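Each residue of the sequence shown is one higher than the last, beginning at 73 in my numbering.
All C-beta atoms in this analysis are idealised placements derived from N, C-alpha and C, irrespective of residue type, glycine included.
These numbers were taken from a predicted model, which means no experiment stands behind them.
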Amino acid sequence: MAQVKRRHKRPIIGVTGPQKGGLAAWWCTNLCVRLGGGIPLRLTPMRPVGADVLDGIIIGGGADVDPSLYGDPVDNEELLLIESAGEEDQRPALGSQLISLLIAPLLFVARRLLSTKNPRQFDSARDMLETSLIRTALEQDIPILGICRGAQLINIVSGGTLFRDLSSFYGEVPRLYSVLPRKKIVVTPQTCLSQLMGSPVQWVNSLHDQAINTLGQAMVISAREEQQVVQAIESQDHTFVLGVQWHPEYLFYRPAQRALFRHLANCARKHGQENRKIP
Numbered sequence: 073m074a075q076v077k078r079r080h081k082r083p084i085i086g087v088t089g090p091q092k093g094g095l096a097a098w099w100c101t102n103l104c105v106r107l108g109g110g111i112p113l114r115l116t117p118m119r120p121v122g123a124d125v126l127d128g129i130i131i132g133g134g135a136d137v138d139p140s141l142y143g144d145p146v147d148n149e150e151l152l153l154i155e156s157a158g159e160e161d162q163r164p165a166l167g168s169q170l171i172s173l174l175i176a177p178l179l180f181v182a183r184r185l186l187s188t189k190n191p192r193q194f195d196s197a198r199d200m201l202e203t204s205l206i207r208t209a210l211e212q213d214i215p216i217l218g219i220c221r222g223a224q225l226i227n228i229v230s231g232g233t234l235f236r237d238l239s240s241f242y243g244e245v246p247r248l249y250s251v252l253p254r255k256k257i258v259v260t261p262q263t264c265l266s267q268l269m270g271s272p273v274q275w276v277n278s279l280h281d282q283a284i285n286t287l288g289q290a291m292v293i294s295a296r297e298e299q300q301v302v303q304a305i306e307s308q309d310h311t312f313v314l315g316v317q318w319h320p321e322y323l324f325y326r327p328a329q330r331a332l333f334r335h336l337a338n339c340a341r342k343h344g345q346e347n348r349k350i351p
């Protein structure tokens with residue numbers, strides 16, 4: 073297990089990812105964490121760090137979660153293991169749309185070249201690492217931000233389940249798959265997410281194959297899309313446990329998305345000060 077040496081006053085934020093690939097997501101998350109005031113530390117199955125030495129945790133996106141973790145049987149041929157609400161429609165400002173169009177091709181190429189994700193594969197080693205981190209974090213009230221797969225795992229560890237097939241939600245409308253912020257979501261009022269993002273209507277990207285079904289213990293829905301797919305959850309019993317179905321790290325040019333990482337860093341700093349006497 074990797075050792076963590078503190079040489080600074082910024083909170084250390086562990087960022088999980090696959091053993092191979094995932095570099096585009098890591099680079100963007102690294103940037104967002106630093107802009108938010110934290111120090112990112114990359115965690116993989118072969119390079120783990122215990123949650124008790126971290127001030128905050130980001131559970132990143134990637135391979136679909138193994139359905140056996142929430143009691144959904146898997147066919148043998150399907151199981152391939154990797155080794156190791158009425159608000160005004162507020163569209164993004166023109167400037168933000170132009171930035172999105174300029175950055176999106178770069179992100180698309182980077183994800184294609186650097187990703188190893190296969191929708192029919194499960195990463196058992198990563199599942200084990202991340203479920204362990206989430207359990208410890210929930211027990212010790214370590215701030216967590218779950219991204220896409222990470223949001224789903226937070227829900228599963230809390231006792232919830234997933235929809236493995238989303239086709240029933242998109243019977244009359246096309247299913248969106250884009251790194252650009254083209255999906256409209258509505259944020260639930262009086263939630264932590266609503267306080268961070270400001271406007272109740274947000275535009276996000278969409279890169280997921282699964283989604284949250286039944287909620288885990290203490291979890292509440294903090295955002296949905298128009299087809300009613302859950303887009304964000306958060307815990308009522310912890311200082312900061314938030315899971316978002318989109319990828320805010322790829323939207324680093326949008327202030328509302330950077331606010332998620334900034335709040336995580338602020339909560340992580342407070343956790344470190346209270347538990348490890350960090351200045």
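Requested in this report: Could I get the ranges of all uninterrupted alpha helix (DSSP H) runs contained in the stretch 87 to 141, with 4 residues as the minimum, in chain order?
Outcome: 95 to 108
Query raised in the report: When burial is assigned at 16 or more other CB atoms within 10 Å of the CB, is SER307 buried or exposed?
Result: To locate residue 307, count along the sequence shown from 1; it is residue 235. By the neighbour-count rule (16 or more Cβ atoms within 10 Å), SER307 is buried.
Query raised in the report: Just to confirm, are ILE129 and PRO112 a CB contact at a threshold of 7 Å?
Result: Here residue 129 corresponds to residue number 57 of the sequence shown, with the count starting at 1. Here residue 112 corresponds to residue number 40 of the sequence shown, with the count starting at 1. The answer is no: Cβ separation not under 7 Å.
Requested in this report: Determine contact between the stretch 239 to 253 and the stretch 87 to 105, defined as no fewer than three beta-carbon pairs at a distance below 8 Å.
Outcome: no
Requested in this report: Could you have a look at GLY218 and say whether DSSP puts it in helix, strand or coil?
Outcome: Position 146 of the sequence shown, counting from 1, holds the residue named residue 218. The answer is strand: DSSP assigns GLY218 an E or B state.
Requested in this report: Determine the contact status of LEU47 and ILE228, defining contact as a CB-CB distance below 7 Å.
Outcome: This structure cannot settle anything about residue 47, because the visible part of the chain is limited to 73 through 351.
**Report entry** Inter-residue CB distance, LEU265 and SER294 (contact presumed, cutoff 8 Å)
**Finding:** The residue you call residue 265 lines up with position 193 of the sequence shown. The residue you call residue 294 lines up with position 222 of the sequence shown. About 4 Å; that satisfies the 8 Å criterion.
Query raised in the report: Does the separation of the CB atoms of ALA272 and VAL259 fall below 7 Å?
Result: As a first step, residue 272 is located in the sequence shown; it is residue number 200 there, counting from the start. As a first step, residue 259 is located in the sequence shown; it is residue number 187 there, counting from the start. Residue identity check: residue 272 is Pro in the sequence provided, not Ala. Taking 7 Å as the Cβ cut-off, PRO272 and VAL259 qualify as a contacting pair.
Report task. With DSSP as the reference, label GLU150 as helix, strand or coil. Result -> Within the sequence shown, numbered from 1, the residue matching residue 150 stands at position 78. Summary for GLU150: the model assigns pLDDT 48, below 50, so the residue's position carries little reliability, and this model does not support an answer.
**Report entry** Spatial distance of GLN91 from GLU244 (CA atoms)
**Finding:** Within the sequence shown, the letter at position 19 stands for residue 91. Within the sequence shown, the letter at position 172 stands for residue 244. Using only the alpha carbons, I get a separation of about 38 Å.
Query - With 16 other Cβ atoms within 10 Å as the buried cut-off, status of ARG326 - result: Translated into positions along the sequence shown, residue 326 becomes position 254. The residue in question, ARG326, is buried, as its Cβ has 16 or more Cβ neighbours within 10 Å.
Query raised in the report: ARG341 to ASP195, Cα distance in whole Å?
Result: The count along the sequence shown starts at 1 and reaches residue 341 at position 269. The count along the sequence shown starts at 1 and reaches residue 195 at position 123. Cα to Cα, ARG341 sits roughly 31 Å from ASP195.
Query raised in the report: Cα-Cα, which of PHE241, PRO246, ARG198 and ILE214 is closest to LEU225?
Result: To locate residue 225, count along the sequence shown from 1; it is residue 153. Among PHE241, PRO246, ARG198 and ILE214, the Cα nearest to that of LEU225 is on ARG198.
Query raised in the report: Enumerated in chain order, which unbroken segments of the beta strand (DSSP E) with a length of 3 residues or greater are wholly contained in the stretch 214 to 295?
Result: 216 to 219, 250 to 259 and 273 to 278
Report task. Could you name the residues that DSSP lists as bridge partners for GLY206? Result -> Residue 206 sits at position 134 when you count from the first residue of the sequence shown. Residue identity check: residue 206 is Ile in the sequence provided, not Gly. According to DSSP, ILE206 bridges with nothing at all.
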